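Residue numbers (the numbering used here): 28 to 353.
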Ligand code: SF4
């Protein structure tokens, strides 16, 4: 079997906005044909991380990284013109609310065709043909007729498919999907997820799936990264992280799910609140909420420990010196 290729690698990503250090020392690796799920509570920095990979952050945001490599190229010094080329052609994004992702004054097919004309350089006639073919591919019945509709004339599920069609029109190597099914009912959600998985398999597309729904993660992803207060606190193969979560925050998330196969639209509240990110955090950001916190936790940041093959956690519980001493 062919070894998975590294499609995107980011090291030491930091983002500050409005005086708050919202994304802190994040490392990410996404492989071609695979799905990496980024999970965590609202405000944990997931969406900001995703937007940074498209360079769609607000102007006032400050971003730094040790490196960002995509398809073997460094993107660190890319100009805005180069980013524009990259977006839609090689890296595309699906946003949570399909209604706001589309222009309400343009027909749906026209919007998909526009992407093809602009970025794939095909003629208007060919773009229209491909737009209808894409909608058909996404399971839309009477695609030619639906392509002539305006966004407000479509159901949420159909519109989300149209948004996906627009995102994959140029066959991107990487698709970033930010809560792509949250606005959809359970049946349509399942169909959209199957579709995304098929695209990964058929086009060897990498998928960064951002969600707070662990049920979705388990169905879709090969790897998972758990984010808390702007940091990745646990990363690893899906089976490892789900079966034996190493970080107390991941354990709390898992306990918050009565059944991992159940459809949920929010995570159970974990007692306490995340820390104020406008102030420096001396130790572990989860310390105030952690049932296993020790004296060292609030004083010093834990390192990233290998807890099992293909599983890492930033938690003092895994410090080998502490393990030896106990
Ligand atoms: Fe809990 Fe300490 Fe681990 Fe943080 S480092 S998760 S406070 S045990």
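Cβ atoms here follow ideal geometry from the backbone N, Cα and C, with glycine treated the same way.
Quick caveat, the model's predicted, so the values are computed rather than measured.
Neighbour-count burial assignment, residue i, 16 or more Cβ in a 10 Å radius
i, result
"residue 94", "exposed"
"residue 288", "Confidence is the limiting factor: at residue 288 the pLDDT is only 49, short of 50, which leaves the residue's position unreliable, though a coordinate-based value still follows. It is exposed - the Cβ of residue 288 has fewer than 16 other Cβ atoms within 10 Å."
"residue 184", "buried"
"residue 206", "buried"
"residue 39", "exposed"
"residue 79", "buried"
"residue 250", "buried"
"residue 51", "buried"
"residue 76", "buried"
Residue i Cβ short of 8 Å to the ligand SF4 heavy atom set
i, result
"residue 174", "no"
"residue 310", "yes"
"residue 275", "yes"
"residue 321", "yes"
"residue 314", "yes"
"residue 281", "no"
"residue 344", "yes"
"residue 125", "no"
"residue 251", "no"
"residue 268", "no"
"residue 197", "no"
"residue 329", "yes"
"residue 317", "yes"
"residue 324", "yes"
Cβ shell of residue i (< 7 Å), same chain only, five flanking positions each side left out
i, result
"residue 57", "34, 35, 63, 201, 233, 235"
"residue 175", "134, 136"
"residue 344", "319"
"residue 194", "119, 120, 121, 202"
"residue 304", "47, 48, 49, 256, 257"
"residue 328", "310, 311"
"residue 138", "129, 130, 193"
"residue 323", "343"
"residue 167", "173, 185, 188"
Whole-angstrom C-beta distance between residue j and residue i, which should lie under 8 Å
i, j, result
"residue 192", "residue 165", "5 Å"
"residue 267", "residue 348", "Residue 267 to residue 348, Cβ: 23 Å. No contact."
"residue 147", "residue 159", "Going by Cβ atoms, the distance from residue 147 to residue 159 rounds to 15 Å, so no, they are not a contact pair."
"residue 204", "residue 125", "Not really, about 12 Å apart at Cβ, beyond 8 Å."
"residue 208", "residue 243", "7 Å"
"residue 264", "residue 337", "4 Å"
"residue 231", "residue 60", "4 Å"
Simplified DSSP state of residue i, which is helix, strand or coil
i, result
"residue 390", "Not covered by the structure: residue 390. The range shown for the chain is 28 to 353."
"residue 201", "strand"
"residue 122", "coil"
"residue 306", "coil"
"residue 42", "strand"
"residue 263", "strand"
"residue 344", "helix"
"residue 294", "Residue placement at residue 294 is poorly supported in this model, since its pLDDT is 48, which falls under 50; the coordinates still yield a value, given next. Residue 294 falls in the coil class under three-state DSSP."
"residue 332", "strand"
"residue 58", "strand"
"residue 327", "coil"
"residue 37", "strand"
"residue 74", "helix"
"residue 195", "helix"
"residue 87", "coil"
"residue 176", "coil"
"residue 133", "coil"
"residue 64", "strand"
"residue 149", "coil"
"residue 162", "helix"
"residue 255", "strand"
Sequence-distant residues of the same chain with beta carbon closer than 8 Å to residue i, five excluded per side
i, result
"residue 105", "82, 113"
"residue 84", "42, 44, 75, 78, 90"
Minimum Cβ-Cβ distance from residue i to chain C less than 9 Å
i, result
"residue 107", "You won't find chain C in this structure, because it holds only one protein chain."
Own chain residues within Cβ distance below 6 Å of residue i, not counting five before or after
i, result
"residue 252", "65, 259, 262"
"residue 43", "89"
"residue 272", "278, 281"
"residue 116", "146, 197"
Contact test: residue i Cβ vs the ligand NAP heavy atom, cutoff 8 Å
i, result
"residue 341", "With respect to the ligand NAP, the structure offers nothing, as its ligand set consists of the ligand SF4."
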